[in-house]
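Numbering (the numbering used here), first residue to last: 299 to 634.
Below: one structure, written as structure tokens.
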């Protein structure tokens, strides 16, 4: 990385910025580059109108795995959780769509921004083909100077159109022993990794609620000051994957995922962001996302499992999470 920055500076870039995507499995190749031009824009409102959804209805929709296969994998994971092999595991599934007319990634991306203005938005061409787009609610790391911020999420509940039902869902999430336990596992591991690197670290005692268009999340915003210089990229790679997207302990959870998921996650569950030559940067978790590759679209969603998890509930949770992307295609009611 330092050599790439030095070459860019020698070519005339005063503060080069590395941007791109790192896959879920850090052993796989990342898609990172230093652009010639970078603009840092202040947050703006998304467009109030977009030019329709040119893709129309999906002519094919394949669940990978289907409900029976996913719930069987969850049951197998619960066996490992209950026998003490690990404390948490995150299992995911893909929804593969095919359209008669290729969806326009730029148009779908603008719809995604419009429907999820609070999110971390990303649009990235992938070297193997296709475009990764997403609206992630989860900040892995923001680092400016020696100050750091991370906002892990674990535990979620579907939102409701009726305000009373929505408030009830939020309160039940806050009161859920299962979701609070899942969240604590994530926060404890983040603290274990960050505490030795910081001379100051603030972690709230209890999680708060974060609202997105489709979901409530248990959220803990962690802030700190690093004791020694470390780049945002190096720190992000040290934290990734967190128990929020993999499980705990990490090695055992990653092995279980490899055994039970019938696909390679690739960039799904990875991280996307930037790091400049001064070590500043921002990285978000690649969730609420999809890959558009001409006529074909792949969407991704996962669920965190602990010993108290229910297979049917976890299936419903992944379906709710998929609705964020489906809504951008105008398909959340048709497919979900």
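By construction, the Cβ of each residue, glycine as well, lies at the ideal position given by its N, Cα and C atoms.
Min CB distance residue i to chain D below 9 angstroms
i           : result
residue 309 : Absence of chain D from the displayed structure is noted, only one protein chain being present.
Cβ-based burial, residue i [other Cβ within 10 Å; buried from 16]
i           : result
residue 347 : In this prediction, residue 347 has a pLDDT of 49, which is less than 50 and means its spatial position is unreliable; what the coordinates show is noted afterwards. Classification for residue 347: exposed.
residue 441 : buried
residue 585 : buried
residue 559 : buried
residue 360 : exposed
residue 309 : exposed
residue 525 : exposed
residue 301 : exposed
residue 408 : buried
residue 540 : buried
residue 454 : buried
residue 315 : buried
residue 481 : buried
residue 387 : buried
residue 568 : buried
residue 423 : exposed
residue 325 : exposed
residue 616 : buried
residue 534 : buried
residue 352 : With a pLDDT of only 49 at residue 352, under the threshold of 50, the placement of this residue in the model should not be trusted; the figure read from the coordinates follows. Exposed.
residue 619 : buried
residue 443 : exposed
residue 459 : exposed
residue 427 : exposed
residue 357 : exposed
residue 473 : exposed
residue 470 : exposed
residue 629 : buried
residue 372 : buried
residue 398 : exposed
residue 312 : exposed
residue 612 : buried
residue 339 : exposed
Counterpart residues of residue i in DSSP-defined beta bridges
i           : result
residue 520 : 448
residue 419 : 433
residue 311 : DSSP output for residue 311 lists no bridge partner at all.
residue 602 : 388
residue 329 : 319
residue 515 : 454 and 508
residue 594 : 396 and 591
residue 441 : 446 and 579
Span of the alpha helix (DSSP H) around residue i
i           : result
residue 485 : 475 to 492
residue 612 : 609 to 626
residue 318 : Taken as a continuous stretch (DSSP letters only), residue 318 belongs to no alpha helix (DSSP H), being part of the beta strand (DSSP E) at 315 to 320.
residue 406 : 403 to 413
Unbroken beta strand (DSSP E) run spanning residue i, endpoints
i           : result
residue 507 : 506 to 509
residue 268 : Residue 268 falls outside the range modelled here, since the chain spans only 299 to 634, and no answer is possible.
residue 360 : 356 to 362
residue 588 : 587 to 591
residue 499 : 496 to 500
Nearest-angstrom Cβ-Cβ length linking residue i and residue j, presumed shorter than 8 angstroms
i           : j           : result
residue 597 : residue 393 : 4 angstroms
residue 595 : residue 401 : 6 angstroms
residue 418 : residue 389 : Their Cβ separation, rounded to whole angstroms, is 23 angstroms, which puts residue 418 and residue 389 out of contact at 8 angstroms.
residue 452 : residue 516 : 6 angstroms
residue 391 : residue 599 : 6 angstroms
residue 384 : residue 624 : Wrong, their Cβ atoms sit about 31 angstroms apart, outside the cutoff.
residue 447 : residue 519 : 7 angstroms
residue 434 : residue 587 : 7 angstroms
residue 580 : residue 571 : 5 angstroms
residue 476 : residue 604 : 6 angstroms
residue 333 : residue 317 : 6 angstroms
residue 322 : residue 582 : Actually they do not touch by this definition, with Cβ atoms about 14 angstroms apart.
residue 499 : residue 522 : 4 angstroms
residue 622 : residue 414 : 6 angstroms
Sequence ranges, alpha helix (DSSP H) only - wholly within the region 529 to 569, length at least 4: Listed in chain order, they are 530 to 537 and 548 to 558.
Secondary structure, beta strand (DSSP E): runs of 3+ residues fully inside the region 370 to 397: 386 to 397
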